[in-house]
Amino acid sequence: MRILNGGESAPVHYHDGGYKTCVGGDECVPCKAANKASIKTYFWVQDQKDKQVKLYKMPWSVKKQLIALQEKPATAFSDLPMPYDITLAVSGAHTKEVNYVVMENTPSAVDPSAVKEAESKTPVDIIIEREKDKQRNGGNSQAKDIRNSAAYPDADLGAPVF
Ligand SMILES: [Zn+2]
C-alpha cells in the first residue's frame, strides 16, 4: 500500500464482534466492561492490489515499524504521501498471535490521481469524531459515517480474533 494522508490515532476496542472507537470514561461501554483498547492510526492509503483509495486503521504493531523506517536514514521520510510503498507480511492471521512485518519497497512515483482522491476524502480526524458520536449514541446516531468508502481489507491483514 501507499500511505497518502492522515495519521490521526484513536483508541479502539474490539467489543461485541466489532471495532468500537473509545469515547472514554463513563460514556464508553467497552471501557466499563473492562475491555482494553488498542491504538489505531487512521490513514487514507492506495491499495496496490486494486489501486483503490481506502481507509486503513493501522494497528500499533505496524505503526511502530513505520516509525522505525522513518528514523532509519535509508528509509527516512518526513511527509505524506510516503515516497515508497509498504507491504505487510502477516503471520498468525485471525489469531491472537497475529504478527505483521512491514517491508519497504523501492521509492517510486506516487499516483497523482490517488493523491487527489485521498485529498477529497473525509479527513481522518473527522472520521474519528464521527465514529465517537456514533458510539455515544449507541451505534445508531444520525451522524454520517463513511459507508461509501472502501476500507483496507482486515481479511488480508488477519484481524485478530478475540
Ligand atoms: Zn473505551
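Mind the numbering: the sequence shown is residues 5 to 166 in the working numbering, read in order.
We put the CB at the ideal spot given by N, CA and C, even for glycine.
These numbers were taken from a predicted model, which means no experiment stands behind them.
- At the C-beta level, Ala122 and Val57 come within 7 Å of one another.
- Rounded to whole angstroms, the separation of the alpha carbons of Ser124 and Asn9 is 11 Å.
- One alpha carbon belongs to Ala41, the other to Lys136, and they sit about 14 Å apart.
- If you compare the alpha carbons of Pro127, Val105 and Ala118 with that of Trp64, the shortest gap goes to Val105.
- Counting along the chain, the unbroken beta strand (DSSP E) around Glu108 starts and ends at Asn103 to Glu108.
- Around ligand 1, the residues selected by a Cβ distance under 7 Å to any of its heavy atoms are Pro15, His17, Cys26, Val27, Gly28, Cys32, Pro34, Cys35 and Ala41, following chain order.
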